[in-house]
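Residue numbers (this note's numbering), protein chains in the order written: chain P, 1 to 114; chain A, 1001 to 1110.
Shown next, in the form of structure tokens:
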């Protein structure tokens, strides 16, 4: 069956540009997570949605980062005025039930800010 | 602040040579401890959830165990296809945030 998909897979942005990263979770999954993963590190939590409600955004590093999931399915992570330190892989994960259990991850979007 | 420390950072095994990976954690009120496998260029793949000390789970050549301070991922008679980075993560009760360790990179040589 279809897993979690993310687009684009690779994105190069010039410093100061805005970017939008898309996540298509598994159909029917209630929970959706965004993570940032630097090279050689584990994923770092950014934000959590339960259906369309953003219940935890404690991991967003600055107010340049914004996420939405307006209809409780597809989600978009937007980064405004990108900086070099934003370069990383951005992972999306979904799970069937409420909470951090058995997450299915997408392949990630590799963002490079030049 | 929740903390997860994994050791060793890297491990090289001969095919069939069993070993264990360690995950030490500090969390106030454990909601769950998770193990994931990550192949290069891919997102993590879920392996296990453990909820309380004394719990054990198995899947093929992998067995995960949990105490109040650490978890072990035992790999029995590994094969080259078990080569990957193994990630440990914890979640605190009442919260959705998951804190990951930096992983153990396992290489199994034929």
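We put the beta carbon where it would ideally sit given N, CA and C, even for glycine.
This structure is a prediction, so every number in the text was calculated from the model and none was measured.
Exercise for review: Measure from the alpha carbon of residue 1020 of chain A to the alpha carbon of each residue in A/1098, A/1060, A/1065, A/1102, then state which is nearest.
Suggested key: A/1065
Exercise for review: Compare the C-beta of residue 1096 of chain A against all C-beta atoms of chain P and say whether one is closer than 8 Å.
Suggested key: yes
Exercise for review: For residue 1109 of chain A, collect the residues of the same chain with a Cβ closer than 8 Å to its Cβ; drop the 5 residues on either side in sequence, then sort them by chain order.
Suggested key: 1012, 1013, 1014, 1015, 1080
Check your understanding: Taking C-alpha atoms, which residue in A/1096, A/1068, A/1078 lies nearest to residue 1062 of chain A?
Key -> A/1078
Review point. Does residue 1072 of chain A have its Cβ less than 8 Å from a Cβ in chain P?
Key: no
Review point. Since residue 43 of chain P contacts residue 1044 of chain A with CB under 8 Å, what's their CB separation in whole angstroms?
Key: 7 Å
Review point. So is residue 1059 of chain A buried or exposed if we call it buried at 16+ other beta carbons inside 10 Å?
Key: exposed
Review point. If we count the other Cβ atoms within 10 Å of its Cβ and call it buried at 16 or more, is residue 1069 of chain A buried or exposed?
Key: exposed
Practice item. Kindly give me the distance between the Cβ atoms of residue 1137 of chain A and residue 1006 of chain A, rounded to whole angstroms, as I take these residues to be in contact under 8 Å. Key: The shown model of chain A, from 1001 to 1110, leaves out residue 1137 of chain A, and the question about it has no answer.
Review point. In terms of alpha-carbon separation, which member of A/1046, A/1053, A/1022 lies closest to residue 1030 of chain A?
Key: A/1053
Exercise for review: Identify whether residue 24 of chain P lies in helix, strand or coil by the three-state DSSP scheme.
Suggested key: strand
Exercise for review: Compute the minimum distance between the beta carbon of residue 66 of chain P and the heavy atoms of the ligand ATP, and state whether it is under 7 Å.
Suggested key: Among the components of this structure there are no ligands whatsoever, and the ligand ATP is therefore not found.
Practice item. Go through its chain and collect everything with a Cβ distance to residue 8 of chain P's Cβ below 7 Å, but skip five positions before and after it. Key: 109
Practice item. Kindly give me the distance between the Cβ atoms of residue 17 of chain P and residue 82 of chain P, rounded to whole angstroms, as I take these residues to be in contact under 8 Å. Key: 6 Å
Review point. How is residue 1081 of chain A classed by DSSP in three states: helix, strand or coil?
Key: helix
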